[in-house]
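Working notes, beginning with the structure itself.
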Amino acid sequence: MVSAHLVSRPRRICVVGGSGFVGLHLAARLVRAGERVDVLTRREYAFHELKVLPGVRLLQTAMETEALAERFAGADAVVNLAGILNERRRGDFEAVHVALPQRIVAACRQAGVQRLLHMSALKADMDDPPSRYLQSKGEGERQVLAAEELQATVFRPSVIFGPEDDFFNRFDRLLRLSPGVFPLACPEARFAPVYVGDVAEAMVRALDLADSVGRGFELCGPRAYSLRQIVDYVMQVGGHRRHLLPLGPRASRLMAGFMEHLPGRPFTRDNYRSLQCNSLCKSRFPEIFGITPKAVEAVVPGYLGLLERNHRLSYLRRAARRDEYRLILRAENPRHNRA
Ligand SMILES: NC(=O)c1ccc[n+]([C@@H]2O[C@H](COP(=O)([O-])OP(=O)(O)OC[C@H]3O[C@@H](n4cnc5c(N)ncnc54)[C@H](OP(=O)(O)O)[C@@H]3O)[C@@H](O)[C@H]2O)c1
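Residues in the sequence shown are numbered consecutively from 113, following my numbering.
Have a look at this one:
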C-alpha cells in the first residue's frame, strides 16, 4: 500500500482534466472500485455522461492554485489528465502541460494531498523531443517527478483507443467524407495503440502500488502498426472503399501546413513533428499492473461508426417532432417514406 490513509474506502479522488475521453473511462473504473470521484473542469456542463455515474461529481473549478487546493482538501489522491494535442494560441502547450501541473503540485502541497497520478505521453521523456507537444509533456512530467514529499506516478501511453476515441473514429469520419482518394500523411509512422480500459485500470491499480511511486510507465498495446496499416484496417472494418495515397515527407509537411489552418486544426506541423519518432514502447505492458492489454482487433470493430450513430441519435432526440426528424427517419428507414 502507498500510505495508510489510502486504505479505507470509499476514498475521494480528484481528477483534473477528467471530463474527456480517458477521464470518462477512469471515473467509471474508480466508481467500480468503490471510490468517490470529483472531476474538476473549467466548464459548466448542462449534461455530461459523467453525471450518470454514481459517486461522481463534476465541479467547475478555476485552474488556479488556491481554487485547486480548496477542491483537493480532504482528497486521498489527485489525478491529472489535462492535456491538449494542438494549441489555439502559441504558449498553450506550456500553459496546460507545464504551468498547470506546477499549480497542481503546489495545490497538493497546500491541501496536504500526497498521492498524484500524472498523464504524460509516450516519448515525452526522450532527449530532445521533436515537437513542442512532446517537449512540454516532458517538462511537465519532470516537474511532477521532482516534487519532493509527493508520491507521484507518471503514465506515458502510445495513442489510446476505445469508444469515443479521437483516433480510429477520426479516420473513420474522414474516410466517410473523403472522395475516392484518401491522401495519408506520415504513412510509415508507427504506433502501438493501447486500450483506454487498460490505461484506466493501470491508473486505478497504481493508487495502491507502492512500487509505482516515483516512476514513469510506458503503456502500449500488444501490437505495433504503421499509420498506413491502421487506416487500411479502418477502411476494412468501416467498409470504406477508398484508394489510399501515401504521402512522402515533403507532401506530408505541406499537408500539415495547410490543415493547421482549417477549423479544428485536424493536423498541424507540430503533429507532423511528433510523428517523426515512433510511438512504440521499449518493453511490454508493465507487469506491475497485472494487466494483459487488449488488442485493437478485439475492441475496435465493436464501436467504430457508433459515435456517428450516437450523434445522430442525440440529434434525433433534439429534433423530435420537427421536419428534420421525419426526413432523417425516411433517409435511414425507407419504410417511413410510406407514412
Ligand atoms: N487520447 C490519446 O490518444 C492520448 C495519448 C497519449 C496521451 N494522452 C494524454 O492523456 C490525457 C487525457 O487525454 P484525453 O484523450 O482524455 O483528452 P481529452 O478528451 O481532450 O480531454 C482532455 C481534458 O483536458 C482538459 N483541459 C484541456 N485544456 C485545459 C486547460 N487549459 N486547463 C485545464 N484543463 C484542460 C479538458 O477539461 P475541461 O475542458 O473540462 O476543463 C479535458 O477534460 C491528456 O493529458 C493527453 O495528452 C492522450
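Backbone N, C-alpha and C define an ideal beta-carbon position, used for all residues, glycine too.
{"Item": "Length of the line joining the Cα atoms of M367 and A297", "Value": "7 Å"}
{"Item": "One or two residues paired with S338 in a DSSP bridge", "Value": "R302"}
{"Item": "Sequence-distant residues of its chain with Cβ nearer than 6 Å to Q388 (five each side left out)", "Value": "P242"}
{"Item": "Assumed close pair E276, F159 - CB separation to whole angstroms, cut-off 8 Å", "Value": "About 15 Å separates the two Cβ atoms, so there is no contact after all."}
{"Item": "Beta-carbon contacts of R201 that lie in its chain and below 7 Å, excluding the five residues immediately before and after", "Value": "none"}
{"Item": "Exposure of E253, with buried meaning 16 or more beta-carbon neighbours within 10 Å", "Value": "buried"}
{"Item": "Proximity test, L197 beta-carbon vs ligand 1 heavy atom, cut-off 8 Å", "Value": "yes"}
{"Item": "The region 343-352 in contact with the region 261-278 per 3-pair CB rule at 8 Å", "Value": "no"}
{"Item": "Opening and closing residue of the beta strand (DSSP E) in which C220 lies", "Value": "Per DSSP, C220 belongs to no beta strand (DSSP E); it is in the alpha helix (DSSP H), L212 to A223."}
{"Item": "Integer-rounded CB distance, given that A236 should sit under 8 Å from R215", "Value": "Not really, about 19 Å apart at Cβ, beyond 8 Å."}
{"Item": "Neighbour flag for R354 against chain D, beta carbons, 9 Å", "Value": "Within the model displayed, chain D is absent; a lone protein chain is all it includes."}
{"Item": "From G186, T404, L234 and L246, residue whose alpha carbon lies closest to that of R221", "Value": "G186"}
{"Item": "V306 vs L339 beta-carbon contact at 9 Å", "Value": "no"}
{"Item": "The alpha helix (DSSP H) enclosing H137, as first and last residue numbers", "Value": "F133 to R144"}
{"Item": "For G146 and E372, the rounded distance between their alpha carbons", "Value": "43 Å"}
{"Item": "CA-to-CA distance, L197 to L374, given in whole angstroms", "Value": "15 Å"}
{"Item": "Rounded Cβ spacing between V210 and E176 (contact assumed at less than 8 Å)", "Value": "Not really, about 15 Å apart at Cβ, beyond 8 Å."}
{"Item": "Rounded separation between N383 and R327 - CA only", "Value": "27 Å"}
{"Item": "Short Cβ contact (9 Å threshold) for A219 with F184", "Value": "yes"}
{"Item": "Inside the region 164-212 only - alpha helix (DSSP H) runs reaching at least 4 residues", "Value": "177-184"}
{"Item": "Beta-carbon gap between A318 and H137 smaller than 9 Å", "Value": "no"}
{"Item": "Whether L228 touches A189 by CB criterion (9 Å)", "Value": "yes"}
{"Item": "Residue environment, R123, which counts as buried when at least 16 other CB atoms sit within 10 Å", "Value": "buried"}
{"Item": "Residue environment, V271, which counts as buried when at least 16 other CB atoms sit within 10 Å", "Value": "buried"}
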